[in-house]
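Numbering of the sequence shown is given in this note's numbering, commencing with residue 33 and proceeding in unit increments.
One structure is given here, and the rest of the page talks about it.
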Amino acid sequence: MGGAKIFEGVKVSGIQSTNGRAMGVKTDQGDITSEIVVNCGGLWGRGNWTDGRS
């Protein structure tokens, strides 16, 4: 296990998904790929999922 990386102050413009599973995010600072994507946007993060989640 490699631990976690936290990216602050990054604007997410989309979610990269494969077969309905989030595999990364598109940001204003480039794409980030990961085995696990955690949306910690709270109330403001609800609209960022583009893979069918609400």
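Yeah, the Cβ is synthetic: ideal placement off N, Cα and C, and Gly gets one too.
Is residue 47 near residue 56, with beta carbons less than 9 Å apart?
Yes, these two residues count as a Cβ contact at 9 Å.
Going by the beta-carbon positions, is the gap between residue 66 and residue 58 smaller than 9 Å?
Going by C-beta atoms, residue 66 is not nearer than 9 Å to residue 58.
Mind reading off the beta-carbon distance from residue 77 to residue 71? Whole number of angstroms is fine, and I expect it under 8 Å.
With a Cβ gap of about 5 Å, residue 77 and residue 71 count as contacting.
Just to confirm, are residue 37 and residue 60 a CB contact at a threshold of 9 Å?
Taking 9 Å as the cut-off, the Cβ atoms of residue 37 and residue 60 do not count as close.
Is DSSP giving residue 23 helix, strand or coil here?
Outside the displayed span of the chain (33 to 86) sits residue 23, for which this structure offers no information.
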